[in-house]
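Taking the numbering used here, the leading residue of the sequence shown gets 8, the next gets one more, and so forth.
Ideal Cβ positions, reconstructed from N, Cα and C, are used throughout, including at glycine.
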Amino acid sequence: MSELDSELLAKVLSHAHYRENDYSQLAERVGHDLLEERLRGQMKAYDRAHTFRNRFPLKWLWPLYRKGIRAGLWVMGQYDRARRNARNPLWVEREEWFPHLPEAFDGYRILHLTDFHFDYIPEMPEILHRILEGRVFDLCVLTGDYRGEVTGPYQESLRHLKRTRSQLGEEVFAVLGNHDNIELLLKFPEMGITGLLNEAVEIQRGDASILIAGVDDAHMYQTHDVEPIQDRIREAAFTLFLSHSPEAYKIAADAGADFMLSGHTHGGQICLPGGWAPVVHLHDTPRKMAAGPWTWKDMKGYTSRGVGISSVDCRWNCPGEITLHVLRKR
Ligand SMILES: [Fe+2]
């Protein structure tokens, strides 16, 4: 395998929090081209954040936006309540029916968590512990955004994820979000988490099997690619497709996936009465995919409002959620 671009690697390693990583091991894991593309994207995100934070008048806009939201809630007398909302994700239990589901998987219970943004609410592991204690499920899937910011240190969010891991059962599959750096993939195995970066894994129940497919971030890095797993999806009796953002809906449906799970939007996080979200951070994606269940062609999907928050530690008319999907054979 050829060496990584030395200039790119030097730039990556200029950030102290990345120096612990073995990039040749990561290149072996995900492939040289994908690693370089992802790292270039990550460095571009650093440059953008640096420019954004330091250039007048942009450096005032982001803090102003955050303060504006807080001030608006405070003026309405709702700021404390909105902060409490952000620390009280709901337990949502639902069934989804599929004609192609193998009989052996009828009643299969999938726990879905997404958008932790751990460093914004450090007490999140305790909150999750309280909600998850005693819950029964067969498999857990995580659809990304473990870190608070888009750039910067990730070790704190990793520590919180490790604390949460014991609540997630034996089998955990995870994809990366637009707030996550690719280096996390090296950390997942020691936590007993299987990271899926344009990859798929078959799981068995009795004599039957289904495929769990996962792609990289489709929102910011756009390094999602279904091609390496296309044939396996086509041959599988049933495919559960994980993508941080629902923006991968077209490639998932065209590949033949049956059920797609996503997060990313936070359901809008700050919504108008009735739950309408002014901002959902989706490009070229139907608005119905911003939260809850949806359908595209023959594929069903569900976009979770997520566990945590970003930007402002408040939720308004939009509770967070931890979701249990029970697969049913029609
Ligand atoms: Fe997020």
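Mapping DSSP to helix, strand and coil, what is residue i?
i: residue 105; result: strand
i: residue 26; result: coil
i: residue 337; result: coil
i: residue 202; result: strand
i: residue 81; result: helix
i: residue 37; result: helix
i: residue 89; result: helix
i: residue 48; result: helix
i: residue 296; result: helix
i: residue 115; result: coil
i: residue 289; result: coil
i: residue 302; result: strand
i: residue 219; result: strand
i: residue 128; result: coil
i: residue 273; result: helix
i: residue 170; result: helix
By Cβ distance below 7 Å, which residues in the same chain neighbour residue i in space, the five residues on each side in sequence not counted?
i: residue 104; result: 335, 337
i: residue 38; result: none
i: residue 228; result: 45, 48, 185
i: residue 239; result: 207, 218
Would you mind sorting residue i into buried or exposed? The rule is 16 or more other CB atoms within 10 Å of its CB.
i: residue 312; result: buried
i: residue 114; result: exposed
i: residue 307; result: buried
i: residue 296; result: buried
i: residue 182; result: buried
i: residue 83; result: exposed
i: residue 338; result: The structure shown does not extend to residue 338, since the chain spans only 8 to 337, so no value can be given for it.
i: residue 70; result: exposed
i: residue 130; result: exposed
How many whole angstroms separate the CB atoms of residue i and residue j, which I take to be in contact at a CB cut-off of 8 Å?
i: residue 220; j: residue 236; result: 5 Å
i: residue 250; j: residue 222; result: 5 Å
i: residue 126; j: residue 163; result: 5 Å
i: residue 154; j: residue 124; result: 7 Å
i: residue 232; j: residue 185; result: Not a contact, Cβ separation roughly 16 Å.
i: residue 188; j: residue 49; result: 6 Å
i: residue 299; j: residue 310; result: 7 Å
i: residue 325; j: residue 274; result: 5 Å
i: residue 323; j: residue 92; result: 7 Å
i: residue 138; j: residue 98; result: 6 Å
CA-CA distance, residue i and residue j?
i: residue 121; j: residue 168; result: 12 Å
i: residue 172; j: residue 272; result: 23 Å
i: residue 331; j: residue 269; result: 13 Å
i: residue 17; j: residue 195; result: 24 Å
i: residue 133; j: residue 259; result: 34 Å
i: residue 28; j: residue 193; result: 8 Å
i: residue 305; j: residue 68; result: 42 Å
i: residue 199; j: residue 180; result: 9 Å
i: residue 151; j: residue 94; result: 19 Å
i: residue 24; j: residue 158; result: 11 Å
i: residue 102; j: residue 116; result: 9 Å
i: residue 204; j: residue 197; result: 17 Å
Take residue i and list the residues in its own chain whose beta-carbon comes closer than 8 Å to its own, dropping the five residues that flank it on each side.
i: residue 86; result: 77, 80, 321
i: residue 176; result: 118, 144, 145, 146, 147
i: residue 191; result: 153, 161, 165, 183, 202
i: residue 170; result: 132
Residues in its own chain within less than 6 Å of residue i by CB, not counting five upstream and five downstream?
i: residue 108; result: 245, 334, 336
i: residue 243; result: 218
i: residue 26; result: 20
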